[in-house]
Amino acid sequence: MLTAETLKAIQIEISSNCNAGCLECARWVNEESKQQLNPKLNFGHKGNFPIELFRNIFQADKLKSLRGLFFDGNYGDSLIHPDALLFMEHMNKEFFTDRNFIIEVNSNGGYKDTTFWYEMGKLFAEMYKLSDNDRESSVVFGLDGIDNETHGIYRRNVVYDKVIENAQAFIKGGGRAEWKYLEFNHNSHQVEQARETAKKLGFEKFFVKSTRWKEAAHRTIEGNKSDQIRASATKKAKAVVIDRIPDSKKDIVEKVRKEMDAYNDYYNEVPVSCYWNFRKRVQIEYDGLVWQCCHLSGVYGSSAGFSKKEYQYYVDKFGTSWNNLHENSLDAILKHEYFNALEDSLSNKMTDKINPRIKRCVEKCAQSEISQHQFFRLNNQHKEKLNDGNNPDAN
Ligand code: SF4
Ligand code: SF4
C-alpha cells in the first residue's frame with residue numbers, strides 16, 4: 006500500500022481552465038451539434054487548485070520519497086493558473102534544495118505573455134542549478150504542426166506563432182523545452198519539418214506521441230465507438246472529422262486485434278498490471294480528488310459525473326468524497342480501503358460481484374505484447390525520468 010512517505014511521483018492538474026478547444030478533451034462535450042464546456046466540471050476561480058492547499062500538501066518532510074512532480078491531467082492546462090509561478094517557486098524552495106527532483110509540465114503554451122514564460126524559464130534554470138546542472142525538468146509544448154492553420158485543426162483556439170514565441174521566451178529564461186507532436190493525417194507531412202524547426206529553435210527534445218493509438222485501435226475493433234473524431238463547428242472553427250490513427254500507423258489495429266484474438270474473453274482474461282502503483286505514483290485533479298492514475302479520473306471522475314456503469318460498484322461502495330484533499334489528508338486517502346479493492350480488481354472479472362475489474366484498466370494496462378513492451382521499457386530506463394508520457398490528455 007502506498008503512503009505519503011513512500012509516494013515517489015505525483016501528477017497534478019492545478020487548473021481546469023484552458024484557452025484551447027482540443028477536439029477530444031474531457032473539458033468539452035459535443036451537444037446539440039455544438040462544442041460546449043462540460044457542464045459537470047467547474048471552471049474559472051472554482052477550477053483553480055488553491056495555492057495554500059498545495060503548500061500544505063507538498064512539504065518535503067511529509068513526502069519523504071517524492072522525486073517527481075508532473076503538471077498534467079484531463080481538463081485544463083496547469084500553468085494558466087494565475088499563481089503558476091508561485092507553485093513552481095514553492096517546489097524549488099521545498100524540494101529542489103532537499104533532494105534530486107524533477108518537474109515536468111505539459112502545456113499547449115498558447116496563453117499568457119512572453120514575460121510570464123521568461124520568468125518560468127528562470128525558475129527552471131534555478132532548478133538545474135539546485136540539481137547540479139541536471140537539465141531533466143522541462144516544459145513539454147504540444148505543437149501539432151508548423152503553421153497556424155494546421156496546428157489549429159485539432160488544437161482549436163491555439164495559435165502556433167504564439168506558442169513558438171512563448172516557448173522561445175521560456176528557453177531564453179533558461180528552461181528546457183520539449184516539443185510533443187500529435188500526429189494525424191492532416192499533419193503527417195509536417196513531422197520532419199517540425200523536427201527540424203524544433204532543433205533550430207532550441208527545443209531539447211522532439212517526439213511524436215504514439216501511446217494514444219493503441220486505445221484508438223481498441224475503439225476501432227470494438228466498433229461501438231468510431232475510430233474517428235467528429236467535432237462540431239464553433240464560431241471560429243469549422244466542423245471536422247479526423248481519423249484517430251494516421252494511415253501510416255494503422256497497422257496497430259491488426260496488432261491489437263491479434264492480441265485480443267489470443268483470448269476467448271480478452272477483457273476478463275488478459276493479465277493487467279497497475280504501472281502507476283508499481284511506480285508509486287498518483288494523480289491529483291484540480292478539484293482536489295486523488296486517483297490512482299489519470300486514466301481513471303478522466304473517464305470515471307467529475308467529467309463523467311461519477312456515473313459510468315462499469316465503475317458504479319466503486320461509487321456505491323465508497324462514495325465520491327473519500328479521496329477529496331479538501332476534506333482528508335493525502336496520507337489518509339492513500340491508506341483508504343479503495344486502493345486494496347482496486348488492486349484486487351485487477352485479477353478479477355468485469356462481471357464479479359466483489360471488486361469487479363474495471364474496463365479502463367484493461368484498455369490502458371493489459372499486459373499484452375504491445376503494452377508489455379511499454380511497461381518494461383518504462384521501468385528499465387537507465388535514467389529514470391519517472392514520467393511515462395502516457396496520459397490520456399492531449400495537452
Ligand atoms: S488504468 Fe488501472 S491498472 Fe492502469 S494505472 Fe490506472 S488504475 Fe492502474
Ligand atoms: S487537451 Fe489540454 S490543451 Fe487541449 S483543451 Fe484540453 S486541457 Fe486544454
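Residue numbers for the sequence shown follow this note's numbering, beginning at 6 and rising by one.
Glycine is no exception: its CB is placed at the ideal position from the N, C-alpha and C atoms.
Could you tell me the distance, in whole angstroms, from the CA atom of Tyr133 to the CA atom of Leu68? 21 angstroms
Taking only runs that begin and end inside the region 161-247, name each unbroken beta strand (DSSP E) of 3 or more residues, in chain order. Listed in chain order, they are 182-186, 210-213 and 233-236.
Close beta carbons around His223, own chain, < 6 angstroms, minus the five adjacent residues each side: When the five nearest sequence neighbours on each side are left out, the beta carbons in the same chain lying within less than 6 angstroms of the beta carbon of His223 are those of Glu368, in order along the chain.
Can you tell me which residues form a DSSP beta bridge with Cys27? Arg160
So which of Glu99, Tyr123 and Met93 has the shortest CA-CA distance to Glu109? Met93
Going by the beta-carbon positions, is the gap between His95 and Phe63 smaller than 9 angstroms? Judged by their CB atoms, His95 and Phe63 are nearer to each other than the 9 angstroms cut-off.
Under the rule that 16 or more other beta-carbon atoms within 10 Å means buried, what is Gly439, buried or exposed? One cannot answer for residue 439 here, as it falls past the ends of the chain, which runs 6 to 400.
State the DSSP-derived secondary structure class of Ile56, mapped to helix, strand or coil. Ile56 falls in the helix class under three-state DSSP.
Three-state secondary structure (DSSP) at Leu135? helix
Following the continuous beta strand (DSSP E) through Trp33, name the residue where it begins and the one where it ends. Trp33 to Glu36
Do Ala236 and Gln40 have their C-beta atoms closer together than 9 angstroms? yes
When we look at the beta-carbon of Phe137 and count the other beta-carbons within 10 Å, is it buried (16 or more) or exposed? Correcting the residue identity first, residue 137 is Asp in this sequence and not Phe. It is exposed - the Cβ of Asp137 has fewer than 16 other Cβ atoms within 10 Å.
Under a three-way DSSP split, which group does Asn79 fall into? coil
Where Met6 falls, given that 16 or more other Cβ within 10 Å makes a residue buried: exposed
Rounded to the nearest angstrom, how far is the Cβ of Pro276 from that of Gln372, given a contact under 8 angstroms? 4 angstroms
According to the neighbour-count rule (16 or more other Cβ atoms, all chains shown, within 10 Å of its Cβ), is Ala238 buried or exposed? exposed
Closer than 8 angstroms: is that where the CB of Ile15 sits relative to any heavy atom of ligand 1? no
Just to confirm, does Asp82 get its C-beta within under 8 angstroms of one of the non-hydrogen atoms of ligand 2? yes
Inter-residue spacing [alpha-carbon to alpha-carbon] between Val168 and Leu84: Spanning the two alpha carbons is a distance of roughly 13 angstroms.
Buried or exposed (CB count within 10 angstroms, at least 16 for buried), His331: Flag for His331 reads exposed.
How big is the Cα-Cα spacing for Asn329 and Phe100? 24 angstroms
Compute every distance between the C-beta of Cys370 and the non-hydrogen atoms of ligand 2, then say whether any falls below 8 angstroms. no
How should Val261 be labelled, buried or exposed, when 16 other C-beta atoms within 10 angstroms of its C-beta is the threshold for buried? buried
Heavy atom of ligand 2 within 8 angstroms of Glu36 beta-carbon: no
Exposed or buried, which one is Asn392 when buried takes at least 16 other CB atoms within 10 Å? Note that Asn392 scores 48 on pLDDT, short of 50, meaning its location in the model is unreliable and no value can be drawn from it.
On the DSSP bridge assignment, give the partners of Lys322 in chain order. BP columns for Lys322 are empty, so no partner.
Among all the DSSP beta bridges, which residues are the ones paired with Asn111? DSSP lists Val145 as partners of Asn111.
Spatial neighbours of Ala65 within its chain, please: C-beta separation below 7 angstroms, excluding the five flanking residues on both sides. Glu99, Phe100 and Asp103
Answer yes or no: the CB of Arg365 versus the heavy atoms of ligand 1, is any distance below 8 angstroms? yes
Report back the beta-carbon spacing between Ala31 and Gly310 to the nearest angstrom; my notes put them in contact at under 8 angstroms. With 8 angstroms as the limit, Ala31 and Gly310 do not qualify as a contact, their Cβ atoms being about 12 angstroms apart.
Return the first residue and the last residue of the beta strand (DSSP E) that Ala14 is part of. Ala14 to Ile17
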